[in-house]
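Numbering-wise (the working numbering), the sequence shown opens with residue 61 and increments by one. Beta carbons are placed, not taken as given, at the ideal position from N, Cα and C, and that holds for glycine. All remarks here apply to the structure that follows.
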Amino acid sequence: MPNAIKEALDIQPLVTGGKSVRDVTEDILKPVEAFPTSLWWKAFILALTITVIDLGIIGYLVYEGLYILGINNPVGWGFFIVNFVFWIGIGHAGTLISAVLYLFRQEWRTGINRAAEAMTIFAVLTAASTLIIHIGRPWMGFWLFPYPNERGPLWVNFRSPLIWDTFAVSTYLSISLVFWYIGLIPDIAAVRDRATTPIRRKVYDILSFGWVGSNRAWSHLETVAMILAALSTPLVLSVHTIVSFDFAVSIVPGWHTTIFPPYFVAGAIFSGFAMVVTLMVIAREVFQLKDYITMKHLENMNKVIMVTGLIVGLAYSTEFFMAWYSGNEYEGFTFVNRAFGPYGWAYFIMFSCNVFAPQVFWSKKLRNSIPVMFIVSIIVNIGMWFERFVIVMTLHADFLPSSWDKYIPTVYDFMMLLGTFGIFFTMFLLFCRLLPVIAIAEVKTVMPHKDGGHH
Numbered sequence: 061m062p063n064a065i066k067e068a069l070d071i072q073p074l075v076t077g078g079k080s081v082r083d084v085t086e087d088i089l090k091p092v093e094a095f096p097t098s099l100w101w102k103a104f105i106l107a108l109t110i111t112v113i114d115l116g117i118i119g120y121l122v123y124e125g126l127y128i129l130g131i132n133n134p135v136g137w138g139f140f141i142v143n144f145v146f147w148i149g150i151g152h153a154g155t156l157i158s159a160v161l162y163l164f165r166q167e168w169r170t171g172i173n174r175a176a177e178a179m180t181i182f183a184v185l186t187a188a189s190t191l192i193i194h195i196g197r198p199w200m201g202f203w204l205f206p207y208p209n210e211r212g213p214l215w216v217n218f219r220s221p222l223i224w225d226t227f228a229v230s231t232y233l234s235i236s237l238v239f240w241y242i243g244l245i246p247d248i249a250a251v252r253d254r255a256t257t258p259i260r261r262k263v264y265d266i267l268s269f270g271w272v273g274s275n276r277a278w279s280h281l282e283t284v285a286m287i288l289a290a291l292s293t294p295l296v297l298s299v300h301t302i303v304s305f306d307f308a309v310s311i312v313p314g315w316h317t318t319i320f321p322p323y324f325v326a327g328a329i330f331s332g333f334a335m336v337v338t339l340m341v342i343a344r345e346v347f348q349l350k351d352y353i354t355m356k357h358l359e360n361m362n363k364v365i366m367v368t369g370l371i372v373g374l375a376y377s378t379e380f381f382m383a384w385y386s387g388n389e390y391e392g393f394t395f396v397n398r399a400f401g402p403y404g405w406a407y408f409i410m411f412s413c414n415v416f417a418p419q420v421f422w423s424k425k426l427r428n429s430i431p432v433m434f435i436v437s438i439i440v441n442i443g444m445w446f447e448r449f450v451i452v453m454t455l456h457a458d459f460l461p462s463s464w465d466k467y468i469p470t471v472y473d474f475m476m477l478l479g480t481f482g483i484f485f486t487m488f489l490l491f492c493r494l495l496p497v498i499a500i501a502e503v504k505t506v507m508p509h510k511d512g513g514h515h
């Protein structure tokens, strides 16, 4: 296709720099095969230190009890459930990119799907860690699962949304983990074939399940990937819908609303894509992957952020309209109190970050600006954390004024919030060091000039 027609149709290559298939393998495996850089070590030590401090605080929390946190009688969830919903939302972009875009044959997913899938798994594990602690007696966490037991008629309450969470999140994690690992097998085999030490070769040989790259193996791999993508796609909608039921099936004013499921799903995709942009901008700079994570990948993600940001803004407005239109004085008070009450500052941060900040992406110039998209992606996730904070803080003033009480987080709440980021980035940095951060085999299928088979 002539260049003039390409420019007119705004068709941009997904791999730039005139790379050969051998170059793709060399460039993407360089961070895995080379000794870690000083920048990686500094980031890893920082993340690991935060994780260790977080584990120490969790141990102290188990020893002392939940009273060291800011939770009180009306606000019994505090930061725990805020962090849980935030991290589950972060994990949604990975499934959308890897499964939904795979089914719709969107080729621009190839440069970012591997990191997004890994992000999903690490985010869900981080979310699960906060939920297990929150139950008060984490050593009894196995009671959430309906397994044959000796407790007679005492079973889990299947009508509880918290049990629905257990099923939804564990299913989500299982399918996402298998889908991620299935796609990794050919690339792990590439690392194995290039290994220079017997131990390294043996480890990666075990991890690749003896992959040989035959036509039959590729056929089976693609069939399994298609099945898993089809199974994963409903999870994009179902998981955060079920998480929203934690709030929506209650009778608390401001929560008892049918808008929560679509509103939560849109918000999850919104925050998830923002985190992918944050990670991809860093990865392409640190690992010199600008030819594989191109501006086209980043611009498409920015478009998704802009659209889902508009949906989230519509949901905020609809909530206020329904509170007024219903004529319910409790609903009306809840939303006025949410915007102008003691936590009005949090509502202002939430609305500004989630509704106003993404509007800059209407401009193609700003949509293609690395500093702008990086800053906006961080602002969006700050706003999405505050969205969950604002929702949970609705509890501080419910039906009974006699039970009203402000939630004031302590230093332990903030340290455990910071600790979730330590856990997430520790796992993500290890992933970048040990496994290819981009799907080598898939990138080769979208190259503008293919010069042979896989190398």
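Between residue i and residue j, how many whole angstroms is the CB-CB distance? I'm expecting something under 8 angstroms.
i, j, result
"leucine 89", "valine 251", "6 angstroms"
"asparagine 132", "leucine 477", "Wrong, their Cβ atoms sit about 18 angstroms apart, outside the cutoff."
"serine 268", "alanine 249", "4 angstroms"
"valine 372", "asparagine 414", "5 angstroms"
"tryptophan 147", "threonine 109", "Going by Cβ atoms, the distance from tryptophan 147 to threonine 109 rounds to 20 angstroms, so no, they are not a contact pair."
"serine 437", "alanine 334", "4 angstroms"
"tyrosine 376", "methionine 453", "Rounded, the Cβ-Cβ distance is 15 angstroms, inconsistent with contact."
"tryptophan 405", "glycine 392", "Contact doesn't hold; Cβ gap of about 21 angstroms is too wide."
"arginine 174", "isoleucine 498", "6 angstroms"
If you draw a straight line from the C-alpha of residue i to the C-alpha of residue j, how long is it?
i, j, result
"isoleucine 435", "glycine 270", "43 angstroms"
"alanine 64", "valine 503", "Low local confidence applies: a pLDDT of 46 at alanine 64 is under 50, so the model's placement there is unreliable, and no value is given."
"threonine 256", "asparagine 275", "27 angstroms"
"alanine 417", "glycine 273", "46 angstroms"
"valine 420", "leucine 374", "17 angstroms"
"isoleucine 195", "valine 184", "17 angstroms"
"phenylalanine 411", "methionine 366", "14 angstroms"
"proline 294", "proline 258", "43 angstroms"
"threonine 170", "tyrosine 241", "15 angstroms"
"aspartate 465", "proline 134", "7 angstroms"
"threonine 180", "threonine 394", "34 angstroms"
"leucine 69", "isoleucine 451", "Bear in mind that a pLDDT of 41 at leucine 69, under 50, signals an unreliable position, so the number given afterwards is only what the model happens to contain. Taking the straight line joining both Cα atoms gives about 44 angstroms."
"phenylalanine 399", "histidine 152", "It should be noted that the sequence gives alanine, not phenylalanine, for residue 399. Each residue's Cα considered, the two are about 28 angstroms apart."
"phenylalanine 95", "asparagine 428", "32 angstroms"
"valine 506", "threonine 155", "21 angstroms"
"aspartate 351", "valine 341", "12 angstroms"
"isoleucine 204", "isoleucine 302", "At residue 204 the sequence reads leucine, which differs from the isoleucine that was named. Between leucine 204 and isoleucine 302, the C-alpha separation is close to 16 angstroms."
"proline 469", "tyrosine 407", "17 angstroms"
"lysine 66", "glutamine 72", "Reliability of the predicted coordinates at lysine 66 is poor, the pLDDT of 44 falling under 50, and the value obtained from them is presented with this limitation in mind. Distance between the alpha carbons of lysine 66 and glutamine 72 is about 7 angstroms."
"methionine 61", "leucine 74", "For methionine 61, the predicted model reports a pLDDT of 48, less than 50, meaning its position is unreliable; a value from the coordinates is still stated below. Rounded to the nearest angstrom, the two C-alpha atoms are 15 angstroms apart."
"phenylalanine 202", "threonine 378", "39 angstroms"
"proline 496", "isoleucine 430", "23 angstroms"
"aspartate 87", "glycine 401", "54 angstroms"
"threonine 76", "leucine 99", "26 angstroms"
"glycine 119", "methionine 487", "21 angstroms"
"phenylalanine 330", "glutamate 210", "44 angstroms"
"glycine 78", "isoleucine 353", "14 angstroms"
"leucine 370", "leucine 426", "17 angstroms"
"proline 518", "serine 234", "What is shown of the chain runs 61 to 515, which leaves residue 518 out entirely."
"asparagine 388", "proline 461", "17 angstroms"
"leucine 97", "methionine 475", "Looking at the sequence itself, residue 97 is threonine, so the reference to leucine does not match. Each residue's Cα considered, the two are about 28 angstroms apart."
"serine 80", "leucine 244", "21 angstroms"
Taking C-alpha atoms, which residue in the options lies nearest to residue i?
i, options, result
"tyrosine 323", "Thr338, Val299, Ala188, Thr97", "Val299"
"isoleucine 500", "Val84, Ser423, Ser80, Gly78", "Val84"
"alanine 457", "Ala289, Pro313, Thr170", "Pro313"
"leucine 349", "Trp101, Ile172, Trp100", "Ile172"
"leucine 358", "Leu370, Arg344, Thr368", "Arg344"
"alanine 290", "Met453, Tyr232, Trp215, Ala277", "Tyr232"
"leucine 222", "Ile192, Asp247, Pro208, His316", "Ile192"
"valine 296", "Ala328, Val145, Trp101", "Ala328"
"alanine 178", "Gln166, Ala107, Ile157", "Ile157"
"methionine 382", "Thr338, Thr318, Asp265", "Thr318"
"arginine 165", "Leu339, Ile439, Trp315, Glu282", "Glu282"
"phenylalanine 491", "Leu339, Lys424, Ile287, Met433", "Leu339"
How about residue i and residue j: do their beta carbons lie closer than 8 angstroms?
i, j, result
"glycine 149", "glycine 332", "yes"
"tryptophan 168", "lysine 363", "no"
"alanine 103", "leucine 494", "no"
"aspartate 538", "glycine 138", "No statement about residue 538 is possible, as the shown extent of the chain runs from 61 to 515 and does not include it."
"valine 336", "alanine 176", "yes"
"glutamate 447", "arginine 254", "no"
"threonine 190", "phenylalanine 140", "yes"
"tryptophan 320", "serine 304", "The sequence given here has phenylalanine at residue 320, not tryptophan. Yes."
"alanine 308", "threonine 368", "no"
"phenylalanine 182", "phenylalanine 380", "no"
"serine 292", "phenylalanine 218", "no"
"aspartate 247", "aspartate 306", "no"
"proline 208", "tryptophan 215", "no"
"phenylalanine 347", "proline 91", "yes"
"valine 145", "alanine 188", "no"
### Query
Any chance the region 160-177 sits against the region 125-132, with 3 or more Cβ pairs inside 8 angstroms?
Contact between the region 160-177 and the region 125-132 is absent: fewer than 3 CB-CB pairs across the two stretches fall below 8 angstroms.
Does the region 108-115 come close enough to the region 479-487 that 3 or more CB-CB pairs lie under 8 angstroms?
Yes: at least three Cβ pairs fall under 8 angstroms.
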